[in-house]
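Student:
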């Protein structure tokens, strides 16, 4: 049973250490829960990854589309604005053209000229000054909106760019200039033709471009969008914030303005620019050129406003994404839990089996591989249980066999003891006869003996005595071993017994000049034992001590209490000592401890008998020895009638 | 691990919530918190925005000023400035007495108004400018070039605390004479009335007018008027001089006596042209100058920009872009003056 348990434990540890079965580890100790985490993370990664990727793609495309759409819209708005501004200039030009058509230089009076010019000023409020110039560059008529309309016939202006250009049959649009350092003006000129191709003069006008402000401030793309017009040289012609224009703000330092006038073939590529406006705010800027005037019209919207729709859509998308993620998290969490729970049940099953509950079966109905695994596991547990029970059966059988063999051995031992006692008994009778007869002969009953005969007879008697002792010992031992010795325990004073035995052996000791010391420290402990048997043990041990101690040595015997329940007797000598490897065996039957130079008598049963007797009392016997210094034998005797001692 | 901690978290959350809901103290705290938050919101909603004070310096008396000031008030309202809510108007009327300008301007400065609207010519602006170098002053159209008058450094960058509109009225004297001549072809002697205490008109009369007058072949003679009671005498002198035309440039004293001047001109049978539209409405013959329809809105624009933090020094002075010729045909009829078609056809407005 115990071996099987350890076998399973062993198996368990092997399984745990086996790399391929890491899954099992998941259910143990710190590893617990890692699989759940794994599953959870993987599913989160998969689902969240998918969601994020799709969300990002969506956002990317939306940003792209939004940009394109915005570019398209703004470009269109810029184009519309450009058309509107061009139309304003064109209207002025048309008015001038119609005035020019009504003029007939040379044939008309100056009042006719004035009429046309007044009409022009009336129709085109942006014109503040209109001049009719003859082909040779002399003013013919002049009308001013703010001043007295005087004609200056002295100055020849045939050198001016406006005149030159108009004389060649083209419309002239001059650069922007500021009147009183504040209001933007432009000079326009066109030819006066008698008929197509016959130029007879030039009509020149100064146009107040502040009127473009009306056009530009009417263009309001989006909430905060605005339009403005810039000339190539960077003058701000019109801006909803008229103060910028009146201040004569040059805007050529703006990136988008600079870029607009760069010759670029791919117009689409620069359709939409993010730039800073005059206030330093981030704007999305588009422009359209007015080629005739060499102006550019810009449409700008604050970046935040332009992207407002995009932002809200992004917000929506990310909101959905987050919700999806949260749902995915929950879902994967619960899925992971569903996967993990049966595994945990399985793990608990493993634990139960490992702790010896062989009958335990895992009950899992997941309908998937885990159920199959549980089935396999149950099958394995069944096989294990079967193997286990078979093993147990075998063990029981072996045990039975062992018990039988043991009984047999015991019987044999008994037989041996009986044999020994019989033999000893049978030996004793003839030996008694030999001893008696030899004694008689020595006593001279059979006549006088010569010295040789006496010597031999003495040897016979001595040997017979030894044999008798040996037989007695054998008989004792066999009686003890056969369990036929009955102890008759009674309280007695241990110290006095020790002294008694020591005294009885003192003559033998004195022959070898050995001193026996009896040390009794405590007031004689009273023990509960068979006095004769303890005397026998003492005799044996003290006798041995004397025997193995060289002449003039010492033997010390003491009796004292050892704990509350035991008295201890120690017998020390100054003999040669016993080697440690033999110390155990000296109590065996027939073991003879021999030392060179020391006469060995006896058959080596004394210590065996002593051991048996002490153990019958429930005590212990032993030896402590040091080579060359001596040995100390000790044994214990109960103070109180002990259960064991009493029964035996 | 996650599962367990999650469950623990969930349970604790529910328990917490439950106990908190059950706990009356907690609900009390919540209620108080909500109440405080609501109070805050209400307070914020009710908290009056800063009320700006706008000083309005008028050269007229309230009755004469009301149409213009009312128009400005409407224009301000369109920009979100409502009197009594986020603006407070402080009106000061000089009632046609230019010598009261400094005193009234000083009064507004004492009140620490945020802006002074100078409803009048350059003299009133100058008075305001003399009273403060810090409070922004918005001009409503002086007769003279504000640069020359020293009110601003330049039109593009006024540079001081004065900005607003200029009407270029003083520049148009020649044009007005030209138009008067066109209307009265046999015009030869033109009387010009001016207030010697009003530097812009003095300058116009003495320096600007003679050149175009010569170009038009006109003899002009200027007559000083120092007070309202002088008009009768001056007109008598003008008649004695045998003037056949009259030009009255804009000036506070004149403007304050529009009706009287127009009446006296008619009585004296003088075709007249004025630097102020009001004369024509009051019976004067002709007006040529800036179309003021937009100007009130522009004044509101300046007020708005300045209240929003723009520096008057950086706000360019705006010049008028639209000009109008207004002819009172009734007056012409009373004068027995046939206005030539070539003049009448280009009139932007004809009063019949």
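Residue numbers (our numbering), protein chains in the order written: chain A, 92 to 739; chain B, 7 to 358.
We put the CB at the ideal spot given by N, CA and C, even for glycine.
#1: Alpha carbon to alpha carbon, how far is residue 229 of chain B from residue 194 of chain B? Give it in angstroms, no decimals.
#2: Under 8 Å by Cβ, that's how I've got residue 271 of chain B and residue 256 of chain B pegged, so tell me the actual separation to the nearest angstrom.
#3: Out of curiosity, what's the CA-to-CA distance linking residue 218 of chain A and residue 182 of chain B?
#4: Based on DSSP bridge pairs, tell me the residues matched to residue 221 of chain A.
#5: I want to verify the contact list: residues of chain B whose CB lies under 7 Å from the CB of residue 339 of chain A, in sequence order.
#6: When burial is assigned at 16 or more other CB atoms within 10 Å of the CB, is residue 440 of chain A buried or exposed?
#7: If you reduce the DSSP assignment to three classes, tell me which class residue 207 of chain B lands in.
#8: Identify whether residue 4 of chain B lies in helix, strand or coil by the three-state DSSP scheme.
#9: Compare the C-beta of residue 251 of chain B with all C-beta atoms of chain A and state if any pair is closer than 8 Å.
#10: Helix, strand or coil: which one does DSSP assign to residue 390 of chain A?
#11: Starting from the beta carbon of residue 171 of chain B, find every residue of chain A whose beta carbon is closer than 9 Å, and list them in chain order.
#12: For a contact meaning CB atoms closer than 8 Å, what does residue 310 of chain B contact in chain A?
#13: Name the chain B residues that come within less than 7 Å of residue 274 of chain A, Cβ to Cβ?
#14: Let me see if you follow: with CB-CB separation under 8 Å, is residue 154 of chain B close to chain A or not?
#15: How about residue 279 of chain B and residue 334 of chain B: are their beta carbons less than 8 Å apart?
#16: Is residue 343 of chain B close to chain A? Criterion is C-beta to C-beta, closer than 8 Å.
#17: By Cβ distance below 7 Å, which residues in the same chain neighbour residue 188 of chain A in space, the five residues on each side in sequence not counted?
#18: For residue 262 of chain B and chain A, any beta-carbon pair shorter than 8 Å?
#19: Listing by chain order, which chain A residues have their CB less than 7 Å from the CB of residue 218 of chain B?
#20: Among B:138, B:207, B:204 and B:292, which has the Cα closest to the Cα of residue 185 of chain B?
#21: Three or more C-beta pairs closer than 8 Å, one from the stretch 624-640 of chain A and one from the stretch 593-606 of chain A: is that the case here?
#22: Pick helix, strand or coil for residue 274 of chain A, following the three-state DSSP scheme.
#23: Which complete alpha helix (DSSP H) runs does the stretch 294-345 of chain A hold, if anything under 4 residues is left out?
#24: Look up residue 543 of chain A in the DSSP assignment and say whether it is helix, strand or coil.
#25: How would you call residue 151 of chain A, buried or exposed, if buried means at least 16 neighbouring beta carbons within 10 angstroms?
#26: Let me know the secondary structure DSSP gives residue 645 of chain A once reduced to three states.
#27: Confirm, please, whether the CB-CB distance from residue 196 of chain B to residue 224 of chain B is below 8 Å.
#28: Within the same chain, show all residues whose beta-carbon is closer than 6 Å to that of residue 165 of chain B, passing over the 5 residues directly before and after it, in chain order.
#29: Could you check where the alpha helix (DSSP H) with residue 697 of chain A kicks off and where it finishes?
#30: Determine the direct distance from the alpha carbon of residue 675 of chain A to that of residue 567 of chain A, and round the result to whole angstroms.
#31: From residue 389 of chain A to residue 380 of chain A, what does the alpha carbon distance come to, in whole angstroms?
#32: 8 Å is my cut-off, CB to CB: does residue 420 of chain B come that close to chain A?
#33: Determine whether the Cβ of residue 189 of chain A lies closer than 8 Å to any Cβ atom of chain B.
#34: Any beta-carbon of chain B closer than 8 Å to the one on residue 333 of chain A?
#35: What residues match up with residue 617 of chain A in a beta bridge as DSSP calls it?
#36: Could you check where the alpha helix (DSSP H) with residue 442 of chain A kicks off and where it finishes?
Tutor: In brief:
#1: Each residue's Cα considered, the two are about 17 Å apart.
#2: That belief does not hold up - the Cβ atoms of residue 271 of chain B and residue 256 of chain B are roughly 15 Å apart, past 8 Å.
#3: Cα-Cα distance, rounded: 18 Å.
#4: In DSSP, residue 221 of chain A forms a bridge with A:234 and A:296.
#5: Within chain B, the residues near residue 339 of chain A are 162.
#6: If you draw a 10 Å sphere on the C-beta of residue 440 of chain A, you find 16 or more other C-beta atoms in it, and that means buried.
#7: In the structure shown, residue 207 of chain B sits in a helix (DSSP, three-state: H, G or I).
#8: Lying before the first or after the last residue shown, residue 4 of chain B is absent from chain B, which here runs from 7 to 358.
#9: The beta carbon of residue 251 of chain B sits no closer than 8 Å to any beta carbon of chain A.
#10: Strand.
#11: The contact set of residue 171 of chain B on chain A, defined by CB atoms closer than 9 Å, is empty, because the minimum CB distance reaches about 12 Å.
#12: By Cβ distance, chain A contributes nothing, its closest Cβ being about 12 Å from residue 310 of chain B, past 8 Å.
#13: The contacting residues are 325.
#14: It does not; no Cβ of chain A falls within 8 Å.
#15: Inclusion of residue 279 of chain B and residue 334 of chain B in the CB contact set at 8 Å is not warranted, their separation being larger than that value.
#16: It does not: the Cβ of residue 343 of chain B has no partner Cβ on chain A nearer than 8 Å.
#17: Cβ within range, chain order: 281.
#18: For residue 262 of chain B, the nearest beta carbon of chain A is not closer than 8 Å to its own beta carbon.
#19: Simply 239.
#20: Among B:138, B:207, B:204 and B:292, the Cα nearest to that of residue 185 of chain B belongs to B:292.
#21: Under the 8 Å Cβ criterion, the stretch 624-640 of chain A counts as touching the stretch 593-606 of chain A, having at least three qualifying pairs.
#22: Strand, per DSSP.
#23: Counting only runs that start and end inside the stretch 294-345 of chain A, the alpha helix (DSSP H) elements of at least 4 residues fall at 301-308 and 333-337.
#24: DSSP places residue 543 of chain A in helix when its eight states are reduced to three.
#25: Burial call: exposed.
#26: In this structure, residue 645 of chain A counts as strand in the three-state DSSP scheme.
#27: Cβ atoms of residue 224 of chain B and residue 196 of chain B: closer than 8 Å.
#28: So the qualifying residues of the chain are 159 and 319.
#29: Following the DSSP letters along the chain, one finds residue 697 of chain A inside the alpha helix (DSSP H) bounded by residues 697-707.
#30: CA-CA distance, residue 567 of chain A to residue 675 of chain A, rounds to 22 Å.
#31: Taking the straight line joining both Cα atoms gives about 9 Å.
#32: With chain B represented from 7 up to 358, any question about residue 420 of chain B goes unanswered, as that position is not in the structure.
#33: No, residue 189 of chain A lies away from the interface with chain B (no Cβ there is under 8 Å from its Cβ).
#34: Interface criterion met: the Cβ of residue 333 of chain A is under 8 Å from a Cβ in chain B.
#35: A:584.
#36: Counted as a single uninterrupted DSSP element, the alpha helix (DSSP H) harbouring residue 442 of chain A occupies residues 399-445.
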